Amino acid sequence: MNNIETTLAQIGNRRDPQTGSVSAPIYLSTTYSHPQLGVSTGFDYTRTKNPTRQALEDAIAELEGGVRGFAYASGMAAIAGVFGLFAQGDHLIVSHDLYGGTYRLIEQILPKQGITATYVDTGDVQAVEQAIQPNTKAIFVETPTNPTMRITDLRAVVEVAQRHGVLTIVDNTFMTPYLQCPLAFGADIVVHSATKYLGGHNDVLAGLVVARETEVADRIYFLQNSIGATLGPQDCWLLMRGMKTLALRMDRHQENALLVSEWLAKHPLVSTVYFPGLFGHEGRDTHVGQSRGYGGMLSFEVKCEQLVEPLLRHLQLITFAESLGGVESLITYPARQTHFDIPEEIRVAVGVTNSLLRLSVGIEHHADLIDDLAQALAAAEQEIGVRGAQAQYE
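This note's numbering applies: residue 155 is where the sequence shown begins, and numbers increase by one.
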């Protein structure tokens, strides 16, 4: 079996023996002819199966170590597709600190289908065990979580799930299969917002799912084909092109993220830094035991909320924008962007405060990123200092 770097670089190669194309061809056809009645080439209608999408789905299945992969039109479409496995009266256990879009789906859409959820700190295995109900069907985990980078022990959660006969679903967006393979620890399903690190260039919207066993894969395929939120062939090709360099990019992302997080941790205007690579990060030892690295995501709290707006405004290199995982560094304000749909009291309780910023560290030179943060923090401090002085005389 090849190393993952080799598998990534070879994605799509040798898929077309007739031409020998090294890059997987883009099959735009929506329908395919039948050689004769009752005979199929294996491709009938592109929603059901497409050769370009097949190349991508085979690639992600191999990378994650599953039996079958599925490509969707977005990360949320992928998660919704997986949640389609559940029915009225079913109950889910969910990481209490997770992406706001997933929270919105669980809170505003699943209840209309009669599906309920309990939020727990999945890093606390006892809390997970206590949350199990007779109608619990799955445990949905982010590790590290978005955005406070909480860590869940995958082995421990899988053991609880298997003992109670429920599925384990892991959102592996932050780590990617290059750094973490949840199926290897017994998880049943892995989901990705492939828009992020897998695509890597902020130019394709996509979601991916991988199932560990055939029975679950068959159920997911039925839903994917029936609902039809599949990824188009052009986007499949773009995603495969991005994935070929995943190993190189992730190495640089996490190298930069470690250096930036260490710098932020020493800055007087920063109160807390969340990054699994920092000594002292809660759950760091667990994370090291189940992954190959720390990823490129970090979050940090500034000393006061008043610093947030001028800091964001004064950044010159790092872009204030939603999303993550691209080669360009992006900074996000979760309380008003990615997690805005979560009620404030719930957000704050899990650490998503109004002083928290999430930083997707790109592949630029780390010194330039640190310089940009330094000048923006200095400008923000000066600006609120001037405001404070003026307020004294008003």
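Yeah, the Cβ is synthetic: ideal placement off N, Cα and C, and Gly gets one too.
The structure presented is a predicted model; accordingly, all values stated were derived computationally and were not measured.
Quiz item: On the three-pair Cβ rule with 8 angstroms, is the stretch 346-356 touching the stretch 221-236?
Solution: yes
Practice problem: Compare the beta carbon distance of V414 and L452 with 8 angstroms and say whether it is the shorter of the two. | Solution: The sequence position of residue 414 within the sequence shown is 260, counting from 1. The sequence position of residue 452 within the sequence shown is 298, counting from 1. Yes, these two residues count as a Cβ contact at 8 angstroms.
Exercise. Report back the beta-carbon spacing between L510 and E455 to the nearest angstrom; my notes put them in contact at under 8 angstroms.
Key: Within the sequence shown, the letter at position 356 stands for residue 510. Within the sequence shown, the letter at position 301 stands for residue 455. L510 to E455, Cβ: 5 angstroms. Contact.
Exercise. Identify, in the order they occur along the chain, each residue of the same chain with its Cβ nearer than 6 angstroms to the Cβ of T185, setting aside the five sequence neighbours on each side.
Key: Mapped onto the sequence shown, residue 185 falls at position 31. Cβ within range, chain order: Y199.
Quiz prompt | Where E476 falls: helix, strand or coil (DSSP) | solution = The count along the sequence shown starts at 1 and reaches residue 476 at position 322. It is coil, neither helix nor strand.
Quiz item: Who are L321's beta bridge partners in DSSP?
Solution: Within the sequence shown, numbered from 1, the residue matching residue 321 stands at position 167. L321 pairs with A292.
Quiz item: Can you tell me whether DSSP reads S183 as helix, strand or coil?
Solution: Against the sequence shown, residue 183 aligns to sequence position 29. S183: coil per DSSP, three-state reduction.
Exercise. Go through its chain and collect everything with a Cβ distance to H520's Cβ below 7 angstroms, but skip five positions before and after it.
Key: Along the sequence shown, read from residue 1 onward, the residue named residue 520 stands at position 366. N410, L413, V414, listed in sequence order.
Quiz item: Buried or exposed: E211, going by 16 or more other Cβ atoms within 10 Å of its Cβ?
Solution: As a first step, residue 211 must be located in the sequence shown, where it is residue number 57. Buried, because 16 or more other Cβ atoms sit within 10 Å of the Cβ of E211.
Quiz prompt | H245 - partner residues in DSSP beta bridges | solution = Working through the sequence shown from its first residue, we reach residue 245 at position 91. T270, T290.
Self-check item: Same chain, Cβ closer than 7 angstroms to K291, five either side skipped, listed in chain order
Solution: For the purposes of this step, residue 291 is taken as residue 137 along the sequence shown, with counting starting at 1. Within the same chain, K291 has close Cβ partners F240, D244, H245, L246, V320, L321.
Quiz item: With a CB to CB cut of under 7 angstroms and the five nearest residues on each side skipped, what residues in its chain are close to Q267?
Solution: Here residue 267 refers to the residue found at position 113 when the sequence shown is read from its first residue. Answer for Q267: Q242, listed in chain order.
Self-check item: Cβ neighbour criterion (16 or more within 10 Å) applied to A530
Solution: As a working note, residue 530 is residue 376 in the sequence shown. By the 10 Å Cβ count, A530 comes out buried.
Self-check item: Best match in P331, G223, G219, L217 for proximity to H207 [C-alpha to C-alpha]
Solution: Stepping through the sequence shown from its first residue, residue 207 is reached at position 53. Correcting the residue type first, residue 207 is Arg in the shown sequence and not His. The candidate whose alpha carbon is nearest that of R207 is G223.
Quiz prompt | Alpha-carbon spacing of F339 relative to H188, whole angstroms | solution = As a first step, residue 339 must be located in the sequence shown, where it is residue number 185. As a first step, residue 188 must be located in the sequence shown, where it is residue number 34. In a straight line, the C-alpha of F339 is about 42 angstroms away from that of H188.
Practice problem: Starting from R512, trace the beta strand (DSSP E) both ways and give me its first and last residue. | Solution: By one-based count along the sequence shown, residue 512 stands at place 358. Its beta strand (DSSP E) spans residues 510-514.
Quiz item: Should F376 go down as buried or exposed, given a rule of 16 or more other Cβ atoms within 10 Å for buried?
Solution: As a working mapping, residue 376 is identified with position 222 in the sequence shown. With fewer than 16 other Cβ atoms within 10 Å, it is exposed.
Practice problem: Name the one or two DSSP bridge partners that L484 has. | Solution: Here the question's residue 484 lines up with position 330 in the sequence shown. DSSP lists T473, S514 as partners of L484.
Quiz item: At which residues does the beta strand (DSSP E) containing A232 begin and terminate?
Solution: Within the sequence shown, numbered from 1, the residue matching residue 232 stands at position 78. From DSSP, A232 is part of no beta strand (DSSP E) but of the alpha helix (DSSP H) over 229-237.
Self-check item: Cut-off 6 angstroms between Cβ atoms - residues of its own chain near N167, not counting five sequence neighbours on either side
Solution: Within the sequence shown, the letter at position 13 stands for residue 167. Contacts found: V176.
Quiz item: Count the other CB atoms within 10 Å of the CB of R169; is the residue buried (16 or more) or exposed (fewer)?
Solution: Locating residue 169 in the sequence shown gives position 15, where the first residue counts as 1. Its Cβ being crowded by 16 or more others within 10 Å, R169 is buried.
Practice problem: Indicate whether the contact test is met: 3 or more Cβ pairs, each with one atom in the stretch 430-441 and one in the stretch 296-307, closer than 8 angstroms. | Solution: yes
Practice problem: Starting from M451, trace the beta strand (DSSP E) both ways and give me its first and last residue. | Solution: If you number the sequence shown from 1, residue 451 lands on position 297. It spans 451-456 - the beta strand (DSSP E) in which M451 sits, taken as one unbroken run.
Quiz item: V236: which of D251, S249, T256, H250 sits nearest, CA to CA?
Solution: On the sequence shown, position 82 is the one that residue 236 refers to. Looking at the Cα atoms, T256 is the closest of the given residues.
Quiz item: Which residue or residues does DSSP assign as beta-bridge partners of R222?
Solution: The count along the sequence shown starts at 1 and reaches residue 222 at position 68. A365, per the DSSP bridge assignment.
Quiz item: Excluding five sequence neighbours on each side, which residues of the same chain lie with their C-beta closer than 7 angstroms to the C-beta of A543?
Solution: Locating residue 543 in the sequence shown gives position 389, where the first residue counts as 1. Any reading at A543 is ruled out, since the residue's pLDDT is 41, under 50, leaving its predicted position unreliable.
Practice problem: List the endpoints of the continuous beta strand (DSSP E) containing H355. | Solution: Position 201 of the sequence shown, counted from the first residue, corresponds to residue 355. Element bounds for H355: n/a, residue is neither H nor E.
Self-check item: the stretch 512-527 / the stretch 462-481 touching (three or more Cβ pairs under 8 angstroms)
Solution: yes
Quiz prompt | Closest Cα partner of S228 within the set D275, D278, G361 | solution = Residue numbering aside, residue 228 sits at position 74 when the sequence shown is read from its first letter. Nearest C-alpha to S228: G361.
Quiz item: Just checking my contact of G450 with G396 at CB under 8 angstroms: how many whole Å lie between their CB atoms?
Solution: Along the sequence shown, one-based indexing puts residue 450 at 296. Along the sequence shown, one-based indexing puts residue 396 at 242. Not a contact, Cβ separation roughly 15 angstroms.
Quiz item: Buried or exposed: E459, going by 16 or more other Cβ atoms within 10 Å of its Cβ?
Solution: Numbered from its first residue, the sequence shown carries residue 459 at position 305. That one is exposed.
Quiz prompt | Nonlocal neighbours in the same chain, by C-beta distance under 7 angstroms from T384, ignoring five residues either side | solution = Walking along the sequence shown from the start, residue 384 turns up at place 230. Closer than 7 angstroms at Cβ, skipping near neighbours: R201, R207, A225, Y226, A227, Q378.
Quiz item: For R373 versus V221, is the C-beta distance shorter than 8 angstroms?
Solution: Mapped onto the sequence shown, residue 373 falls at position 219. Mapped onto the sequence shown, residue 221 falls at position 67. Contact: no.
Quiz item: Measuring CB to CB, does E218 end up less than 8 angstroms from P331?
Solution: Counted from its first residue, the sequence shown places residue 218 at position 64. Counted from its first residue, the sequence shown places residue 331 at position 177. Going by C-beta atoms, E218 is nearer than 8 angstroms to P331.
Quiz item: Would the beta-carbon of I260 fall within 8 angstroms of that of A271?
Solution: As a working note, residue 260 is residue 106 in the sequence shown. As a working note, residue 271 is residue 117 in the sequence shown. In this structure, A271 lies closer than 8 angstroms to I260 by Cβ.
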